[in-house]
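Adding 129 to a residue's 1-based position in the sequence shown gives its number in our numbering. Even for Gly, the Cβ is constructed at its ideal location relative to N, Cα and C. Before any comments, here is the structure.
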Amino acid sequence: MSDNYVKVQLEQMKSLGEPGEKEGADNEEQVPASSPSADPPSITISTSDVSNASITSKQRGKSRRKDDKISSGKSISDLSLQGSVVSAPAGKNLNRQSQERTLQLKGSGKSLQGKSENNGNYVTIHPSKNNQEERREEAMKLSKKRRPVTVDTAKAKTSLEAMKISIKQLKWKEFPLGRRAPCDIYWHGVSFHDNENIVSGQVNKFPGMLEMLRKINLSRAMRTMQELFPDEYDFYPRSWILPEEYQQFSTQIRMVKEKDATLNPTFIVKPDGGSQGDGIYLIRDPSELRVMAGSQAKQSVVQEYIHKPLLIDKLKFDIRLYVLIKSLEPLEIYIAKEGLTRFCTEPYQEPSQKNLTHVFMHLTNYSLNVHSGNFVHSDSQNTGSKRTLSSVLYRLAAKGVDIKRVWSDIIALVIKTVIAVVPELKVYYQAEIPPGKPGPTCFQILGFDILMMKNLKPVLLEVNSNPSMRIEHEQEISPGVFEYVPSPVDEEVKVGVIRDTLRLMDPSLKKPAVSQLRAGGTEIPMETETPAKSLDDGALPSLCLKQVYPKYTKQFNYLRLVERTAALFIRFLGVKGNMRLGPTAFRTFIRTCKLSNSNFTMASVDILYIDITRRWSGAAPDSREAGMGLQAFVEAFFHLAGRRFKSLPLREQVLSLLELCEAQLDSQSSVEDRRSVSCSRALSRAVKTQTPGLTSNPQLSSPAPLRRAASQDNRLQQKLKPRSLRANVEN
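Here is the structure:
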């Protein structure tokens, strides 16, 4: 299937654009683009790639091998060389057996290391005839020498079949019933907590992701970013949270209709914990809400309905795009080059009072439309009610659509959305795996549901923390009797995503790499895993996952203001595993950053804390912890920024306060570091005085100064230790 995958990618993505990096772009929202065609199956090696490769010759008297290869497994025949090999200069002593020499390549300035024969001539290098086969054979030999990666799939649930195929292709070792000894990778079906007491390896879920991507929490995170960057986050529909914002929603709709009687907008209501289209319905007036204000009301999100969607075959559709978050610190994001498109099963009409209940016309959820009599299961990638994304993009490209621009907009949407949810995820992560506590590293595949408007602008519908990875579908073989049959379209897309995610998370691949967000918003180098080529990649197609962050750091790093605010929040939490800020810790934050003055006393600080905490406790009644959570802290931080920098717009207010707080903390850390060094020197001098013959000063030899110095040094070290650990959490 791997060769077929490459072939399909080459054929279908031939004319499509793939985003590429552009230095110094004026429009920071627009990700520059280039062709997204899949990588060719053959590998071309430039002469610069082989400067350090060594070629081994046979001893004297033995026949030369016909197909000599570079030790890395790449064939010499792939090199584009001009001219021939330069013979060794005369007069040199080249008669020692197996003596290493350098092979000069004319016109390239490069050399290959080889061994000379006893007659002084260099080994003749013959081109290889079957490059692909040799690469595979070499990869097979090398893969046998290393221990296979172990994967625990006991909790994989619906991903199990795709996992089995992926692990088989990678030639890794699966443990479907679990394993007493630790595994390299644990694949969970629902959440980070599916399998408890994992202290090593890698888990395919982040703690808190399930909670963070619930519809209400996602809407709140996006709303915060819309306050700071309204133009950059206009891809998310305007939303209200019910029941707490019912009055606000009703008032705004009434004002809109009073202003223009001809307007009659439509809204879509989504239950907070709903999935697979369950409980979703359309309304045109607040009175039609099934969820009314009240203590027992079910929490939901109501959003503006997108009136002018892009249609294909007169049908509304959405895009399911798979996104891999490889790590949070540093932030690494990959997007699958292939995705799915899910079609409605009734021709689209503008919403009206008569057709609001026609779910097969307005809702694109696969779980709903699969029950329609018009649903078409197809083995083809470009027909039926579920198709590949590339087939849809191919049709659009044939009509003259700029696919590069479409991909750029989608990539920008994905990066901005991830940036919006990362701050809360970091709080969850430090609570579950505090600094110094053993635990696994995490990664996760997310399912982005995107709707294309008629003007080709992408709109985010929702993000699924547990996207379906099932590669079969139900089919009724007789009345009331169903069975699961393979779905070629799902298998083509989902197996590639899972397999290449595992390849990227291969624990044997570790290289010095990208960067980490510094407190001031700049990037600092750090060690992490990188998508280096695996030893057995020769038998597999090229990666279907494309890195988009930190590749596009320059274009999007300015959006990470809330993440910097979350770093302050985590720093002052104090207690390991805590997710809420107490009143004392909040006062410490105010004092440390020197935010109080005669107009804003500590009494006012306490009132602000109580007011905001009480309001957010009412908004999240299921919270078991008391104190100020991150979202409440962000609101308080925005309030403080508005008081301190009244004349600036909100974004500049928050940025100015962040820089002020970070400068205060940096200066404090510098003072503490100097004190620590001073105390350490004093302690070392005092210790020396206890050595006989070094000094006779009774004051220095007294144990009292030693105790004071040691005590002070210990206090400072303990004070600094948690901060340094907390600042270097890696995933």
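Practice item. Report buried or exposed for HIS322, applying the criterion of at least 16 other Cβ atoms within 10 angstroms of its Cβ. Key: Around the CB of HIS322, fewer than 16 other CB atoms lie within 10 Å, so the residue is classed as exposed.
Exercise for review: Please work out which residues of its chain come closer than 7 Å, Cβ to Cβ, to GLN405, disregarding the five sequence neighbours upstream and downstream, and give them in chain order.
Suggested key: So the qualifying residues of the chain are ASN494 and SER496.
Point to revise | Neighbour-count burial assignment, TYR613, 16 or more Cβ in a 10 Å radius | key: With a threshold of 16 other beta carbon atoms within 10 Å, TYR613 falls short and is exposed.
Practice item. Check ARG449 in the structure and name its three-state DSSP category. Key: DSSP, reduced to helix, strand and coil, places ARG449 within a strand of the structure shown.
Check your understanding: Are the beta-carbon atoms of GLN331 and PRO636 separated by less than 8 Å?
Key -> A Cβ-Cβ contact shorter than 8 Å links GLN331 with PRO636.
Review point. ARG373 by DSSP, collapsed to three states: which one?
Key: The sequence shown places Glu at residue 373, not Arg. DSSP places GLU373 in coil when its eight states are reduced to three.
Practice item. Using 10 angstroms around the beta-carbon of SER727, count the other beta-carbons present and answer buried if the total reaches 16, otherwise exposed. Key: For SER727, the number of other beta carbons within 10 angstroms of its own is below 16, and it is reported as exposed.
Check your understanding: Since PRO552 and ALA465 are thought to touch, with beta carbons under 8 Å apart, how far apart are those beta carbons, to the nearest angstrom?
Key -> Contact doesn't hold; Cβ gap of about 25 Å is too wide.
Review point. With DSSP run on the structure shown, which of helix, strand or coil describes LYS545?
Key: The answer is helix: DSSP assigns LYS545 an H, G or I state.
Practice item. Assuming GLY318 contacts THR287 (C-beta within less than 8 Å), just tell me the rounded distance between them. Key: 7 Å between Cβ atoms; contact.
Practice item. Return the residue from the list SER379, PRO372 and ILE454 that minimises the CA-CA distance to ASN333. Key: Check the Cα spacing between ASN333 and each of SER379, PRO372 and ILE454: the tightest is with ILE454.
Review point. What distance in whole Å lies between the Cβ atoms of PHE572 and SER456, which are believed to be in contact at a cut-off of 8 Å?
Key: Confirmed, Cβ separation roughly 7 Å.
Check your understanding: Where does the unbroken alpha helix (DSSP H) through GLN760 begin, and where does it stop?
Key -> Segment 759-773, the alpha helix (DSSP H) holding GLN760.
Review point. So does the segment 436-453 actually touch the segment 499-506, counting three or more Cβ pairs closer than 8 Å?
Key: No: fewer than three Cβ pairs fall under 8 Å.
Check your understanding: Between the C-alpha atoms of ALA285 and TRP316, what's the straight-line distance to the nearest angstrom?
Key -> Computed Cα separation, rounded: 5 Å.
Check your understanding: The alpha helix (DSSP H) with LYS297 in it runs from where to where?
Key -> 289-299 is the extent of the alpha helix (DSSP H) around LYS297.
Check your understanding: Would the segment 436-449 and the segment 405-420 be scored as touching if the rule is three or more Cβ pairs under 8 Å?
Key -> Output reads no: the segment 405-420 does not touch the segment 436-449.
Exercise for review: Can you grab the Cα-Cα spacing for the pair GLU356 / ALA732, in whole Å?
Suggested key: For GLU356 and ALA732, the distance between alpha carbons rounds to 28 Å.
Point to revise | Bounding residues of the alpha helix (DSSP H) (the contiguous stretch that carries ASN498) | key: Note, ASN498: alpha helix (DSSP H), 495-498.
Exercise for review: Check ALA686 in the structure and name its three-state DSSP category.
Suggested key: Just to set this straight, residue 686 is Asn in the shown sequence, not Ala. Three-state result, ASN686: helix.
**Study point:** Span separating the alpha-carbon of ASN78 from that of GLN432
**Key:** For the chain, the structure presents residues 130 to 860; residue 78 sits outside this window and is missing.
Practice item. Would you please state the rounded distance, in angstroms, between the beta carbons of ARG709 and ALA755? I believe it to be under 8 Å. Key: Contact flag correct, Cβ pair sits at about 7 Å.
Point to revise | Any alpha helix (DSSP H) of 4 or more consecutive residues that is wholly inside the segment 579-639 | key: Scanning the segment 579-639 for uninterrupted alpha helix (DSSP H) segments of 4 residues or longer gives 617-633, listed from N- to C-terminal end.
Check your understanding: So what does DSSP say about ASN484, is it helix, strand or coil?
Key -> Coil at ASN484, not helix or strand.
Review point. CA-CA distance, ASP702 and GLY758?
Key: The sequence shown places Leu at residue 702, not Asp. Straight-line spacing of the CA atoms in LEU702 and GLY758 works out to 10 Å.
Check your understanding: Are the Cβ atoms of VAL550 and LEU347 separated by less than 8 Å?
Key -> Cβ atoms of VAL550 and LEU347: closer than 8 Å.
Check your understanding: According to DSSP, what are the bridge partners of GLY576?
Key -> Beta-bridge pairing links GLY576 to TYR451 and ASN593.
Review point. In chain order, what residues of the same chain have a beta carbon less than 7 Å from the beta carbon of MET338, not counting five sequence neighbours either side?
Key: LEU554, GLN573 and SER594, listed in sequence order.
Check your understanding: Would you call THR380 buried or exposed, if buried means 16 or more other Cβ atoms sit within 10 Å of its Cβ?
Key -> With fewer than 16 other Cβ atoms within 10 Å, it is exposed.
Exercise for review: Look up ASN346 in the DSSP assignment and say whether it is helix, strand or coil.
Suggested key: DSSP places ASN346 in helix when its eight states are reduced to three.
**Study point:** Secondary structure of ARG419, DSSP reduced to three states
**Key:** The answer is coil: DSSP assigns ARG419 none of H, G, I, E or B.
Practice item. Would you grab the beta carbon distance between GLN782 and ALA770 for me? Rounded to a whole angstrom, and I think it's under 8 Å. Key: Here GLN782 really is in contact with ALA770; their C-beta atoms are around 4 Å apart, less than 8 Å.
Check your understanding: Should LYS723 and GLN793 be called a contact, given that it needs their Cβ atoms to be closer than 8 Å?
Key -> Against a cut-off of 8 Å, the Cβ pair of GLN793 and LYS723 comes out as a contact.
Practice item. Could you give the DSSP three-state label for TYR463: helix, strand or coil? Key: Strand, per DSSP.
Review point. Can you tell me the Cα-Cα spacing of PRO336 and TYR463, whole angstroms?
Key: Near 19 Å, if we compare the C-alpha coordinates of TYR463 and PRO336.
Check your understanding: By how many angstroms is the C-alpha of ILE540 removed from the C-alpha of ASP363?
Key -> Within the model, the alpha-carbon separation for ASP363 versus ILE540 is close to 15 Å.
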